[in-house]
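Remarks on the structure that follows.
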Amino acid sequence: MNTHHLVLGTLIDFLSGAEITDTHDERYRQKIARILVLEKGFAPSDIRAGNRLRVSASGKCATIPVDFLVHVGERAMMLVKYGPGSIITRHRPALAASRLMAPHQIPVVVVTNGEQADILSGLTGRVTASGLDAIPDKEAVEKLAMEPPQAISPGRAERESRILFAFDVDGSCPCDSDICRMDHHES
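Residue numbers are given in the numbering used here: position 129 of the sequence shown equals residue 129, and the series is strictly consecutive.
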């Protein structure tokens with residue numbers, strides 16, 4: 001159980017109907033799921049929630065949560081990454097995740113704190129729009145699905161894994177090792 005979140009009880013997951021732990025973060029995830037379905041026209045079956053992405057760097061491995069993947073058919077077309085606080089600091093790791101969650105570049109990346117959102121081009125990394133209202137709807141995402149998928153090379157995938165590991169994994173800094181801590185304390 002995750003003990004660093006205030007547990008407010010339980011709630012019913014909007015997408016699955018399952019009973020889940022109620023936290024402030026989960027309430028924002030539920031809000032995002034409702035926007036995707038009720039305002040943007042996606043079916044709950046188009047959205048895969050609670051994804052886990054395995055990343056590695058320097059012989060270490062970790063699992064990173066990816067909140068939502070929106071599919072057109074079997075192809076992942078939009079990645080939505082939630083995180084509290086500043087969203088600009090989440091751009092780069094979300095882009096890295098968009099290059100690792102599928103064998104192709106996921107074309108739309110949404111970074112949100114539940115109140116604000118930046119929509120990024122997965123191909124360029126540039127912000128294309130801002131605001132929850134600017135999240136692309138089903139019709140816009142279906143149009144993008146007509147374009148051929150862009151493959152991610154193994155070398156690119158390795159670099160993106162290292163970037164995501166550095167940004168999103170606690171203890172990923174080389175100075176978190178016992179050797180570095182001893183060196184700093186002895187000086």
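From the three backbone atoms N, C-alpha and C, an ideal C-beta is built for every residue, glycine too.
Residue i - DSSP class collapsed to helix/strand/coil
i	result
residue 93	helix
residue 154	helix
residue 111	strand
residue 86	coil
residue 106	coil
residue 8	coil
residue 52	strand
Whole-angstrom C-beta distance between residue j and residue i, which should lie under 8 Å
i	j	result
residue 135	residue 117	6 Å
residue 90	residue 70	So it is not a contact: roughly 18 Å between Cβ atoms.
residue 65	residue 104	Their Cβ separation, rounded to whole angstroms, is 21 Å, which puts residue 65 and residue 104 out of contact at 8 Å.
residue 113	residue 85	6 Å
Where the beta strand (DSSP E) containing residue i begins and where it ends
i	result
residue 25	That residue, residue 25, is in no beta strand (DSSP E); its alpha helix (DSSP H) goes 24 to 34.
residue 101	First-last for residue 101: undefined, no H or E at that position.
residue 68	60 to 72
Residue interval of the alpha helix (DSSP H) (run including residue i)
i	result
residue 144	138 to 144
Are the region 31 to 47 and the region 124 to 141 in contact at 8 Å, needing three or more beta carbon pairs?
-> yes
Should the region 94 to 108 be regarded as contacting the region 149 to 165, the criterion being three or more beta carbon pairs within less than 8 Å?
-> Result yes; three or more Cβ-Cβ pairs closer than 8 Å.
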